[in-house]
């Protein structure tokens, strides 16, 4: 501990009503005061604070490692939770390459302690780092798929909105189109003009969105514990998709503008 004492073997043997707290608990309950010797209550059980843990900070996803209270396992089981069994055990291996072998050894030991026959189902679970990694990969794939679907829907909706705006623009600019055609502009000129305007609007939206995303990636680490790391690959992919959407949904308004007859447009 950074201050005071830690949990001793004698505390475990006697179910002592003591605890060691993290920095977050200290700040919330005692402010700047030394909490050693003070009392806190968990489930109406009074516990004397023996010490304060070292400051560990937060994880990238915002988990506060200092928001914890450590007490003797016997005290937690008998006095606080009123149970006679251990709910979870955390083991650390020195050789990650032997994790599967050691997990199998732990499973055999628990089978012996619980008197579980080989034909019976386990009444416990062993979760290794490999299992956690698989779960994380599955969650990541699901979130990635969800983000892709949301991005596709957003791009489609944005493209439809862009097309409708350009169609309204074509309707309102009929005299301009007719005048340009009358002084010699070809259908190709009109088509290129409106398609260029579509791409210009797309590039403007892309630039604003990129700046907003980069700004958030810079602001988030300063305002929250979340660490945001900008990556150029998604930005380039998003830029390519946005330009394709702008081109695809800009073709129809550009074709409609190009097909307007000068006489009808000036009428």
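Residue numbers (my numbering): 81 to 347.
From the three backbone atoms N, C-alpha and C, an ideal C-beta is built for every residue, glycine too.
Relative to the Cα of residue 170, the nearest Cα in the group 183, 178 and 159 belongs to 183. Residue 131 and residue 203 have their C-alpha atoms some 36 angstroms from each other. Straight-line spacing of the CA atoms in residue 155 and residue 92 works out to 7 angstroms.
Annotated as proximal: residue 297 and residue 310, with beta-carbon spacing under 8 angstroms. In the three-state reduction of the DSSP assignment, residue 144 falls in the strand class, which pools E and B. Rounded to whole angstroms, the separation of the alpha carbons of residue 145 and residue 139 is 7 angstroms. In terms of Cα proximity to residue 112, the closest of 336, 303 and 103 is 103. As the crow flies, the alpha-carbon of residue 267 is around 27 angstroms from that of residue 238. By the C-beta density criterion, residue 280 is exposed, having fewer than 16 other C-beta atoms within 10 angstroms. Within the same chain, Cβ atoms closer than 8 angstroms to the Cβ of residue 159 are found at 95, 97 and 125, the five residues on either side in sequence being excluded. DSSP places residue 126 in the uninterrupted beta strand (DSSP E) bounded by 125–132.
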